[in-house]
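In our numbering, the protein residues as written are 80 to 509. Only one structure is covered here, and it is reproduced in the block below.
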């Protein structure tokens with residue numbers, strides 16, 4: 080098996096067929112495309128609004144006589160658990176959405192078609208630079224920008240008041256003052272690692288840095304430890320969230336009046352204000368229609384403050400990339416669909432929902448609200464995870480969330496960070 084598949088090869092032998100393709104795919108394996116057919120597009124979660132989905136289907140089918148387009152909704156768990164087997168098969172989907180931190184791993188495994196020759200058609204310099212980098216391997220583009228999102232701090236003056244913190248330490252102190260047995264001053268479940276990263280970065284720490292061909296993990300550095308120790312204060316003195324939980328139920332806790340500060344993607348505003356429901360009923364989750372008449376009626380937000388007053392803390396630049404499967408038997412049609420998804424009309428439909436569009440020219444459609452402005456300010460100081468094809472394996476191994484749970488449980492921060500550094504280096508330096 081190609082060892083570069085790492086965590087992407089979770090389903091084992093099904094990925095062996097790609098062993099000769101590592102380093103990214105090339106042109107379509109099929110000699111020709113059928114005159115008619117059905118194009119399959121995989122989208123993840125509910126972020127892509129129904130208006131955009133319908134626009135894609137209607138436009139593609141109008142422009143490609145004899146063809147239909149089917150959208151299948153996947154979960155983020157699917158991107159770790161089933162994508163490799165599906166993309167390796169002879170019945171691969173044609174277009175797939177992936178998280179921006181996963182794109183390099185899939186590209187390096189040879190699962191994506193090379194899009195470099197059509198980069199200008201997709202937007203060229205209008206494409207969102209950070210997500211272009213996330214989808215570029217060895218100078219070749221394999222996954223185009225789809226949308227980005229930044230985490231901001233939501234609050235209601237009903238619980239927090241009107242005086243906001245100006246530094247990260249002030250933020251934590253305010254969270255401590257708001258904490259009760261049932262109320263999180265700062266909602267911080269232990270497995271929410273995206274919201275943990277700003278504490279590390281705010282004081283100059285890093286996850287890992289590259290020196291030549293070697294990655295050196297940095298979570299046990301003095302700078303990173305300062306942030307992690309402050310984060311432990313959040314877990315133990317400011318948060319009532321489950322120490323072994325994730326971030327999914329923060330919106331519901333907020334609407335129950337159980338949260339002072341909630342750091343969440345900007346689109347969570349729609350869940351809180353009732354614009355769209357939240358929760359996966361099929362998975363046994365409670366479905367919430369928000370709280371527009373109570374804690375959502377005066378919802379506001381601000382960027383997470385930094386180490387010094389007047390600064391914002393660097394946040395994780397989240398988002399998605401979109402790619403054409405290397406084993407698609409209709410790469411030409413898949414690329415036609417990709418062009419629609421990167422068109423200004425389509426991208427504006429994403430922007431209207433509060434997602435930062437994958438092309439800069441569509442940003443004019445972002446809502447003119449304080450929340451949208453807070454997201455723009457937060458994203459102006461954003462960072463990503465280490466740009467290694469093996470990073471997807473770090474995420475799939477869950478070693479960062481597991482370490483944070485130990486910190487949330489009151490463990491020795493230095494020891495936990497040192498052990499985590501070793502685990503990260505073992506994966507990145509394979």
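Heads up, the beta-carbon is just placed ideally off N, CA and C, and yes, glycines get one too.
- For residue 178, the beta-bridge partners assigned by DSSP are 399.
- With a cutoff of 9 Å on beta-carbon distance, residue 261 and residue 320 are scored as not near each other.
- By the criterion of a C-beta distance shorter than 6 Å, residue 506 is surrounded in its chain by 469, 472, 473, once the five residues flanking it on both sides are discounted.
- Taking a 10 Å sphere around the C-beta of residue 133, we find fewer than 16 other C-beta atoms and assign the residue as exposed.
- DSSP, reduced to helix, strand and coil, places residue 454 within a helical segment of the structure shown.
- Contact check for residue 269 against residue 484 passes: the beta carbons are separated by less than 9 Å.
- For residue 226, the beta-bridge partners assigned by DSSP are 399, 436.
- Residue pairing by DSSP leaves residue 245 without any beta bridge partner.
- DSSP, read as helix, strand or coil, puts residue 183 in helix.
- Per DSSP, the continuous beta strand (DSSP E) segment holding residue 344 begins and ends at 338-344.
- Remark: C-beta atoms of residue 478 and residue 311 do not approach each other more closely than 9 Å.
- Assignment of residue 411 by DSSP, reduced to helix, strand and coil, places it in the helix class.
- When secondary structure is reduced to three states using DSSP, residue 494 falls in the helix class.
- When only Cα atoms are considered, residue 402 and residue 420 end up about 11 Å apart.
- Following the DSSP letters along the chain, one finds residue 265 inside the beta strand (DSSP E) bounded by residues 263-265.
- The segment 219-234 makes contact with the segment 450-462, as at least three CB pairs between them are under 8 Å.
- For secondary structure counted as the beta strand (DSSP E) over 3 or more consecutive residues, the segment 124-175 holds these complete runs in sequence order: 146-153.
- Contact between residue 148 and residue 438 does not hold, since their C-beta atoms are separated by about 21 Å, which reaches or exceeds 8 Å.
- Judged by beta-carbon spacing, residue 384 lies beyond the 9 Å limit of residue 236, meaning their Cβ atoms are not closer than that value.
- With distances taken between CA atoms, residue 217 lies nearest to 184 out of 184, 240, 272.
- Setting aside the 5 residues that flank it on each side, residue 492 is surrounded in the same chain by 304, 307, 308, 311, 486, each with a C-beta closer than 8 Å to its C-beta; the list follows chain order.
- In this structure, the alpha-carbon of residue 258 lies about 21 Å from that of residue 370.
- Taking C-beta atoms as the reference points, residue 428 and residue 130 count as a pair closer than 9 Å.
- Among the bridge pairs identified by DSSP, residue 462 is matched with 395.
- Bounds of the beta strand (DSSP E) holding residue 288 are 287-290.
- Contact between residue 349 and residue 227 does not hold, since the beta-carbon distance rounds to 17 Å and is not under 8 Å.
- In the structure shown, the three-state DSSP call for residue 470 is helix.
- In the three-state DSSP reduction, residue 448 falls in the coil class, being neither helix nor strand.
- Segment contact: the segment 275-282 against the segment 404-412, fewer than three CB-CB distances shorter than 8 Å; contact not assigned.
- Taking the Cα positions, residue 156 is about 34 Å away from residue 114.
- Residue burial annotation: residue 284 is buried, with at least 16 other C-beta atoms found within 10 angstroms of its C-beta.
- Distance between residue 140 and residue 313, taken at the CA atoms: about 51 Å.
- Nearest to residue 444 by alpha-carbon distance, out of 404, 426, 374, is 426.
- Cβ contact annotation for residue 317 (same chain, cutoff 8 Å, sequence separation greater than five): 251, 254, 255, 257, 258, 263, 264, 265, 267, in chain order.
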